[in-house]
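FYI, in this note's numbering the residues of the sequence shown are 460 to 1119.
What follows is one structure encoded as structure tokens, with my remarks underneath.
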Amino acid sequence: MRLVALLGLFSALSFVSPVTAASAAMPDNLSKPTYIAAEDTITKARDIAFPGTMQLEVDARDNVQGIFRITQTIPVAEAGRLTLLYPEWLPGNHAPRGEIEKLAALQFTANGQKLDWVRDDMDVFAFHLNVPEGVSEIIAKFQFTSATTGSQGRIVMAPSMLNLRWHQVSLYPAGYYVRRIPVEATAIYPAGWRAASSMRPKARQPKTDTLNRVVYRKTDYDTLVDSPVFAGKNFQTHRLSRRVHLNIVADDAKYLKPKKTHIAKHSKLVRESEALFGSHPYDRYDFLLALTEEMGSIGIEHHRSSENGVNREYFTKWNDGPGRRNLLPHEIVHAWNGKYRRPAGMWTPDFREPMRDNLLWVYEGQTQFWGYVLGARSGLFSKQDTLDAIAAIAAGMDLRVGRQWRPLIDTTHDPIIAARKPKPWSSWQRQEDYYNEGLLIWLEADGIIRRESGGKKSLENFARTFFKGKNGDYGVVTYELSDVIEALNAVQPYDWAGFIQERVYQTTDEAPKKGLTLGGYKLVYNATKSDFISANDKRRKQLDLSHSIGMVVSDKGAVKAVMWDGPAFKAGLKNGLTITAVNGKAYTAEMLTQAIEENRGKLNKIEIFAKYDDQYSNFMVDYSGGLRYPHLEKITADETAGEGGQIEGGIDRLLKPKTR
């Protein structure tokens, strides 16, 4: 929809007829309050130096009950009102995800005297207190109580490991850019545990200090929050390059058994990444990798590190399938795309200012694209697994029929709207589709550049110019949509503005799959489940029948998802049901898949008996297409004639390694 049309729409919506307005008015004899807008009295962040250095000590030894105990010393320059903020808008989360509900036992003192505090009645992440005369610093003491079950949030402290996230265990003064607030952080870990972070320890502790204390070098608060810690009892570090390390913690030492070939593939990931972008925007980079079922799973990017939580058997069951091995390639790409180069609306001076996520289809979408490419180039994913993953992504995006009413651009607001909570009809409501649909858009952009340049250029040229920076520079360079379009045109002239308008801003009936064709492949379906989908089903403990009866079922028979307007949907099935029988026989996954395949080409309906709480219902699913799973199949030049170009083997070239 063009801007003029949008303005016309807003004008139409804002018009209310006098008759309608009058008829809706309240009678004059009723009491009518007048609204008084609340005043925001919190000082906006300014690009000025904070007077002093904060001292932050985190006691992280209570790994039994999961309680962090914090002592923070905050310098003050003058008496009077002081406002301290708890981080709310978190980079990498793309939303206000600060877990302030887990902050407890907050108290302030100055010169040994207790100071009263009050929470702001409009911004609950802000605390106000009055600093008496003659006070040069205040001391804050409080706790961060980790979730102890998954229903309370992500568990960050477990019996064998912890994830120290500085934004969860600190406050900062309002009125300053966080990059202008110096801080020295100290952490006390359980005895015998080792820790890893992109921050460097200040020095070795004196022998007289019997605690497992680490004092980190002075930095700014922005960098501190961007430098989390993984610590654990079972710990290994592997050097991947002169600048990059892989730091692993595990629930049990028996899972810490990576082979030399496994580490070699992670080393190749680093070489392929730096070769792709032609730079390294970090002085050092630390993969923080947790092999765990005790601590919560995670995948969050930082400029010089990433937090990665995967299954325990990441190394020990390497041959069972690629599993979560696309996570690390995705996160390291963010060092260039998302951290060094960042959408202007997603860079903020502090953690209170809201972010604007409308360019996440670049930030996350192109990262998703390069993550799979680098996974293949490094050998973390085989070429076939990568092709199968792309097939599953393209087919999955086709099932997002919500694209008929909700354009891709609107899904970039989903981190704020939905906070990744489950939805009853995700294929109709849509989710954070900018990841995988973004991948398809950038795959098509790569194909267009190859076609228009006669195979001389590709999206790699864009990556190497747009994201390349100075080696060791872990600052931030922002961009707008116009910068993306200009950079694409500099690589290969084309109507990129129109391309983006159609793919990102408009509704459509079909996922953008032209990149498959331009890359030399087409999406097909058959009854054979790919190893990629089999491994995904095993990891998620589910049976994915999305492309046949339109349903995903857990290994216990619980309905996890129903595709909007699919056969299961039309039969009346919904999330939350538990299947107990299929065609009159007790439910098993094998029974359901057998029933689907045996009904291929027949006029019969598949009978599914299911319960919801204590109610039982029978559902007759009208489907005779048999089992269907997506795959990519190579196509001939004749099949691309309608696309206005010839096959350049784009996808095959994309996945080919560039370094030895």
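Heads up, the beta-carbon is just placed ideally off N, CA and C, and yes, glycines get one too.
For the alpha helix (DSSP H) holding residue i, just list the boundary residues, first then last.
{"i": "Q611", "result": "It is not in any alpha helix (DSSP H) - Q611 carries neither H nor E in the DSSP assignment."}
{"i": "Q825", "result": "824-837"}
{"i": "F1120", "result": "No statement about residue 1120 is possible, as the shown extent of the chain runs from 460 to 1119 and does not include it."}
{"i": "Q491", "result": "The displayed chain sequence assigns Lys, not Gln, to residue 491. Premise fails: K491 is in no alpha helix (DSSP H) and is neither H nor E."}
{"i": "G974", "result": "973-977"}
{"i": "N995", "result": "990-999"}
{"i": "I875", "result": "873-876"}
Put residue i into one of helix, strand or coil per three-state DSSP.
{"i": "Y893", "result": "coil"}
{"i": "M814", "result": "coil"}
{"i": "E772", "result": "helix"}
{"i": "G593", "result": "coil"}
{"i": "A480", "result": "Unreliable positioning characterises A480 in this predicted model, as indicated by a pLDDT of 49, which lies under 50. A coordinate reading is not provided."}
{"i": "D518", "result": "strand"}
{"i": "D679", "result": "strand"}
{"i": "E766", "result": "strand"}
{"i": "M581", "result": "coil"}
{"i": "S657", "result": "coil"}
{"i": "A1045", "result": "strand"}
{"i": "A848", "result": "helix"}
{"i": "L918", "result": "helix"}
{"i": "S912", "result": "coil"}
{"i": "I868", "result": "helix"}
{"i": "V523", "result": "coil"}
{"i": "R784", "result": "coil"}
{"i": "I1110", "result": "helix"}
{"i": "H793", "result": "coil"}
{"i": "T1118", "result": "coil"}
{"i": "H739", "result": "coil"}
{"i": "T967", "result": "coil"}
{"i": "S626", "result": "Checking the sequence, you will find His at residue 626 rather than Ser. Helix, per DSSP."}
{"i": "F404", "result": "There is no way to answer for residue 404, as the model of the chain reaches only from 460 to 1119."}
{"i": "Y714", "result": "helix"}
In this structure, what does DSSP give as the bridge partners for residue i?
{"i": "Q566", "result": "K600"}
{"i": "M1010", "result": "L1004, V1021"}
{"i": "H704", "result": "R698, D745"}
{"i": "Y938", "result": "P802"}
{"i": "A554", "result": "L549"}
{"i": "N693", "result": "A709"}
{"i": "Y933", "result": "Y933 is not bridged to any residue."}
{"i": "Q572", "result": "A569"}
{"i": "E1066", "result": "M1079"}
{"i": "R505", "result": "Y635"}
{"i": "M513", "result": "V642"}
How would you write the range of the beta strand (DSSP E) that residue i sits in, first residue to last?
{"i": "T1039", "result": "1037-1041"}
{"i": "Q531", "result": "526-534"}
{"i": "P427", "result": "The structure shown has nothing for residue 427, since the chain only spans 460 to 1119."}
{"i": "T807", "result": "That residue, T807, is in no beta strand (DSSP E); it is neither H nor E in DSSP."}
{"i": "K960", "result": "First, the amino acid is wrong: residue 960 is Gln here, not Lys. First-last for Q960: undefined, no H or E at that position."}
{"i": "V673", "result": "671-674"}
{"i": "V1080", "result": "1074-1080"}
{"i": "G539", "result": "539-544"}
{"i": "P618", "result": "First-last for P618: undefined, no H or E at that position."}
{"i": "P881", "result": "Counting along the chain, P881 falls outside any beta strand (DSSP E), and DSSP gives it neither H nor E."}
{"i": "K981", "result": "980-985"}
Rounded C-beta distance between residue i and residue j? I'm assuming under 8 Å.
{"i": "Y980", "j": "E1092", "result": "6 Å"}
{"i": "Y675", "j": "I507", "result": "So it is not a contact: roughly 24 Å between Cβ atoms."}
{"i": "E903", "j": "A970", "result": "With a Cβ gap of about 11 Å, E903 and A970 do not count as contacting."}
{"i": "L515", "j": "V594", "result": "L515 to V594, Cβ: 19 Å. No contact."}
{"i": "G691", "j": "M616", "result": "Going by Cβ atoms, the distance from G691 to M616 rounds to 11 Å, so no, they are not a contact pair."}
{"i": "G914", "j": "S886", "result": "At roughly 37 Å, the Cβ-Cβ gap does not stay under 8 Å, so G914 and S886 are not in contact."}
{"i": "A538", "j": "E592", "result": "5 Å"}
{"i": "N622", "j": "P687", "result": "6 Å"}
{"i": "D1081", "j": "A1017", "result": "Not a contact, Cβ separation roughly 23 Å."}
{"i": "R836", "j": "P1116", "result": "5 Å"}
{"i": "A536", "j": "F567", "result": "That belief does not hold up - the Cβ atoms of A536 and F567 are roughly 17 Å apart, past 8 Å."}
{"i": "V1041", "j": "E1066", "result": "7 Å"}
{"i": "A655", "j": "L750", "result": "A655 to L750, Cβ: 14 Å. No contact."}
Contact the region 1020-1037 vs the region 1085-1095: 3+ CB pairs below 8 Å: With the cut-off at 8 Å, the region 1020-1037 and the region 1085-1095 do not touch.
Contact between the region 931-948 and the region 801-812 (3+ Cβ pairs under 8 Å): Judged by Cβ distances under 8 Å, the region 931-948 makes contact with the region 801-812, as three or more pairs qualify.
Cβ pair count under 8 Å reaching 3, the region 699-708 against the region 740-747: Counting Cβ pairs under 8 Å, three or more are found: they touch.
Meets three-Cβ-pair contact criterion under 8 Å: the region 784-800 and the region 766-776: The region 784-800, when compared against the region 766-776, does touch it at the 8 Å Cβ threshold.
Segment contact flag, the region 860-875 with the region 547-555, C-beta cutoff 8 Å, min 3 pairs: Contact between the region 860-875 and the region 547-555 is present, because at least three Cβ pairs lie under 8 Å.
Any 3 or more C-beta pairs closer than 8 Å across the region 907-922 and the region 711-731: Not touching, per the Cβ criterion.
Segment contact, 8 Å Cβ cut-off, at least three pairs: the region 485-497 with the region 658-668: Contact between the region 485-497 and the region 658-668 is absent: fewer than three C-beta pairs spanning the two stretches fall below 8 Å.
Meets three-Cβ-pair contact criterion under 8 Å: the region 939-956 and the region 827-843: Short answer: they don't touch.
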